[in-house]
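A.B. asks: I have a structure I would like to understand better, so I am pasting it below and will then ask my questions one at a time.
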């Protein structure tokens, strides 16, 4: 069993993102509320090549980062 020590919120973004300023604003607000929560941005292609589902259906990206929440506004 893998133990995750950090919460991660995934922003699912378009390959050519035009909404980056809104996302950065949300990221800063999240950081102000809890600086231990990490926000990452990934495209569907990046998730496809670098992510997988765990046996308990958790999204794992880049070896051991378990996504706790995802946000999309594409």
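Numbering (our numbering), first residue to last: -18 to 55.
Glycine included, every Cβ here is placed at the ideal spot set by N, Cα and C.
Which of the three DSSP states, helix, strand or coil, is assigned to residue 22?
C.D. replies: What you label residue 22 is simply residue 41 of the chain shown in a count that begins at 1. Three-state result, residue 22: strand.
A.B. asks: For residue 14 and residue 20, which I take to be in contact (beta-carbon distance under 8 Å), what is that distance rounded to the nearest angstrom?
C.D. replies: Translated into positions along the chain shown, residue 14 becomes position 33. Translated into positions along the chain shown, residue 20 becomes position 39. The pair is not a contact, with the Cβ atoms about 12 Å apart (cut-off 8 Å).
A.B. asks: Tell me whether residue 0, by its Cβ, gets closer than 7 Å to a heavy atom of the ligand GTP.
C.D. replies: Of ligands this structure carries none, so the ligand GTP is not represented either.
A.B. asks: Measure the alpha-carbon distance for residue -11 versus residue 18 and round it to whole angstroms.
C.D. replies: Reading the chain shown from its first residue, position 8 is the one you call residue -11. Reading the chain shown from its first residue, position 37 is the one you call residue 18. Roughly 6 Å between the two C-alpha positions.
A.B. asks: Beta-carbon within less than 6 Å of residue 8's beta-carbon, same chain only, minus the 5 sequence neighbours each way: which residues are those?
C.D. replies: Along the chain shown, read from residue 1 onward, the residue named residue 8 stands at position 27. Contacts found: 20.
A.B. asks: Thinking C-alpha only, which one of 24, 41, 26, 25 is nearest residue 32?
C.D. replies: Start at 1 with the first residue of the chain shown, and residue 32 comes out as number 51. The residue with the shortest Cα to Cα distance from residue 32 is 41.
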